[in-house]
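K.L.:
Residue numbers (the numbering used here): 30 to 447.
All residues carry an ideal CB built from backbone N, CA and C; glycine is no exception.
Model, not experiment: these values are computed from the prediction.
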Ligand code: B12
Ligand code: SF4
Ligand code: SF4
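Pasting the structure below:
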């Protein structure tokens, strides 16, 4: 068996779902990535300016090929475009005489434990195998945070094509997977890039609420909800706040609507998007067949909140996987347990800064920091149209932090006008 094949077998053996080998320099994409940053599309993400991103030999001078791996994080819970959020659920609740429970959306990738550690641990195991196979081999491993344009290499390794939403999409697995890369000093047999299967579909471009997908395959990250709610440390530009809707950490919309995350085959998605309305779109009548994982670390975290008592007795959790386009299942609720799947906004207000640090110590959510968390909650509450948040916002606006204060003021004004 060739060394390249042996490495790929071991990658699957240590638990990755996808693996491929890329040649060292996908020059066209790295030039594109540099120009993209120069155009200002990276917003305030200064790490994207690191010149080592232009050529991996600046990290490992002996590098000759790149082993790219993918790990599926999707689980069977509903998509953000399936759960009827904000206005829709309010109307429904009012119609049925029940109190409306405004909920927020935490991006699917952040429901479970921090993926950086999980992928890195598996890559370390792969590195040990490689060092045993080829003593003296030099390697560097990266998951997300290193100065590597990961999707460029992953694209050339054949594990997916770059979709028009800029995510890497795999024909069999969809796009809900994380990437990891290993630079090696070995001359390995490269795979062929996967063919682009987006075809004439434009579902993601149409669904993006902020117009961040400025043209097919090109994102202006400085307009992306994921950037606003995770990466941006300061004030969220006011003109984008209504379009953020209930997204409080990250955004899944352009992946939720992708037909490859449904049947994995056709574009017959029947997606109804509500671009720029600030509401998430609603998708009905589809069967989801894309790859999921039962890996417990990626299931929605359940937090015990002894201090929290839900006002309307709605509870906080939706434990049952929800694959068939249903609204969150609220039958098995305990009022003090919070699931990160589509949580009630009110429950999220009960965290102190200390709680935030403790609860999210091993979660990607810690990246937003407490200040960003409060800021994002203010925006979602302002967008909820629900006056029950006014007392909390009034309290929050007394905080010393000028960013949080300003977002609370904005939300109060919006609720008063609602
Ligand atoms: C900065 C960053 C972001 C930014 C900017 C995203 C973006 N589209 O650039 C923000 C904060 C918005 C973001 C959001 C998300 N991110 Co992010 N992010 C990164 C990071 C750190 C760098 C990405 C980057 O370099 N962007 C600059 C652009 C130019 O590069 P690129 O998008 O990778 O594009 C490459 C190719 O697509 C190609 N290309 C793109 N357009 C064109 C056009 C032409 C003409 C050509 C020739 C080439 C080309 O050139 C580039 C180099 O190949 C990577 C990790 C890493 N170190 O690479 C993770 C990463 C891309 N993110 C990831 C994830 C999971 C997410 C989110 C799903 C999280 C969430 N739910 O909120 C969203 C997805 C949003 C989306 N539609 O992409 C995964 C992607 C997995 C996948 N299957 O694609 C990565 C790889 C992290 C990881 N290790 O798993 N992210
Ligand atoms: S993650 Fe959300 S805001 Fe960003 S490009 Fe996709 S749909 Fe648009
Ligand atoms: S939604 Fe359509 S255009 Fe966008 S990435 Fe998926 S297949 Fe491609």
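Examine the Cβ distances between the stretch 264–279 and the stretch 408–422 and report whether three or more of them are shorter than 8 angstroms.
P.N.:
As far as the Cβ criterion goes, the stretch 264–279 touches the stretch 408–422, which means the pair count is three or higher.
K.L.:
Which residues neighbour ligand 3 when neighbourhood means a C-beta less than 5 angstroms away from any of its non-hydrogen atoms? List them by chain order.
P.N.:
Qualifying residues come out as 192, 193, 194, 227, 230, 232, 233, 287.
K.L.:
For the stretch 92–108 and the stretch 199–219, state whether three or more C-beta atom pairs, one from each stretch, are separated by less than 8 angstroms.
P.N.:
Taking 8 angstroms as the limit for Cβ pairs, the verdict is that the stretch 199–219 does touch the stretch 92–108.
K.L.:
On the three-state DSSP scale, how would you describe residue 30?
P.N.:
Correct three-state label for residue 30: coil.
K.L.:
Mind listing, in chain order, the continuous beta strand (DSSP E) runs of no fewer than 3 residues lying wholly within the stretch 220–268?
P.N.:
Counting only runs of 3 or more, we get 242–244.
K.L.:
Strictly by DSSP, which residues pair up with residue 197?
P.N.:
DSSP lists 191 as partners of residue 197.
K.L.:
Answer with buried or exposed for residue 168, where buried requires no fewer than 16 other C-beta atoms within 10 angstroms of its C-beta.
P.N.:
Classification of residue 168: buried, given that the 10 Å Cβ count is 16 or more.
K.L.:
How about residue 77 and residue 66: are their beta carbons less than 8 angstroms apart?
P.N.:
Yes; because the gap between Cβ atoms is below 8 angstroms, this pair is in contact.
K.L.:
Return the bridge partner residues of residue 211 from the DSSP annotation.
P.N.:
Looking at the DSSP assignment, residue 211 forms a beta bridge with 96, 170.
K.L.:
Grouping DSSP H, G and I as helix and E and B as strand, with all else coil, what is residue 49?
P.N.:
Looking at residue 49 - three-state DSSP - the assignment turns out to be strand.
K.L.:
If residue 474 and residue 285 are in contact, beta carbons under 8 angstroms, what's the gap, nearest whole angstrom?
P.N.:
In the structure displayed, the chain extends from 30 to 447; residue 474 sits before or after that span and is not available.
K.L.:
Spatial neighbours of residue 437 within its chain, please: C-beta separation below 7 angstroms, excluding the five flanking residues on both sides.
P.N.:
407, 422, 425, 426, listed in sequence order.
K.L.:
Report yes or no: do three or more beta-carbon pairs, one from the stretch 159–168 and one from the stretch 187–202, lie closer than 8 angstroms?
P.N.:
No, they do not touch.
K.L.:
Run through DSSP, which three-state label would residue 276 get?
P.N.:
Residue 276 falls in the strand class under three-state DSSP.
K.L.:
Leaving out the 5 sequence neighbours to the left and right, which residues in its chain are closer than 7 angstroms to residue 33 when beta-carbon positions are compared?
P.N.:
These residues qualify, in order along the chain: 50, 217, 218.
K.L.:
From residue 79 to residue 63, what distance separates their C-alpha atoms?
P.N.:
Their Cα atoms are separated by approximately 10 angstroms.
K.L.:
Measure from the alpha carbon of residue 415 to the alpha carbon of each residue in 433, 393, 404, 441, then state which is nearest.
P.N.:
Ranking the options by Cα distance to residue 415, first place goes to 441.
K.L.:
Is residue 280 a contact residue of ligand 1, with contact defined as CB to any heavy atom under 7 angstroms?
P.N.:
Yes, Cβ of residue 280 sits closer than 7 angstroms to a heavy atom of ligand 1.
K.L.:
The alpha helix (DSSP H) spanning residue 151 covers which residue range?
P.N.:
Element bounds for residue 151: 144–162.
K.L.:
Cβ-heavy atom distance between residue 110 and ligand 2 below 7 angstroms?
P.N.:
False, no ligand heavy atom lies under 7 angstroms from that Cβ.
K.L.:
Going by C-alpha to C-alpha distance, which of 102, 260, 84 sits closest to residue 142?
P.N.:
When each option's Cα is compared against that of residue 142, the closest is 102.
K.L.:
Taking buried to mean at least 16 other C-beta atoms within 10 Å of its own C-beta, is residue 448 buried or exposed?
P.N.:
Because the chain in this structure spans residues 30 to 447, residue 448 falls outside the shown range and cannot be described.
K.L.:
How many whole angstroms separate the CB atoms of residue 399 and residue 418, which I take to be in contact at a CB cut-off of 8 angstroms?
P.N.:
That belief does not hold up - the Cβ atoms of residue 399 and residue 418 are roughly 18 angstroms apart, past 8 angstroms.
K.L.:
Assuming residue 17 is part of the beta strand (DSSP E), what are its boundary residues?
P.N.:
Lying before the first or after the last residue shown, residue 17 is absent from the chain, which here runs from 30 to 447.
K.L.:
Is any non-hydrogen atom of ligand 1 found closer than 7 angstroms to the C-beta of residue 248, if you look at the structure I gave you?
P.N.:
Residue 248 Cβ: within cutoff of ligand 1.
K.L.:
Around the Cβ of residue 314, are there at least 16 other Cβ atoms within 10 angstroms (buried) or fewer (exposed)?
P.N.:
Only weak support is given to the placement of residue 314: the predicted model assigns it a pLDDT of 43, under 50, and the value that follows is read from those uncertain coordinates. That one is exposed.
K.L.:
State the DSSP-derived secondary structure class of residue 444, mapped to helix, strand or coil.
P.N.:
It is helical.
K.L.:
Flag this pair as yes or no: are the beta carbons of residue 374 and residue 132 separated by less than 8 angstroms?
P.N.:
Yes, Cβ-Cβ distance for residue 374 and residue 132 is below 8 angstroms.
K.L.:
Run through the DSSP bridge pairs and tell me what residue 101 is partnered with.
P.N.:
DSSP output for residue 101 lists 206 as bridge partner(s).
K.L.:
If I follow the unbroken beta strand (DSSP E) through residue 20, where does it start and stop?
P.N.:
Because the chain in this structure spans residues 30 to 447, residue 20 falls outside the shown range and cannot be described.
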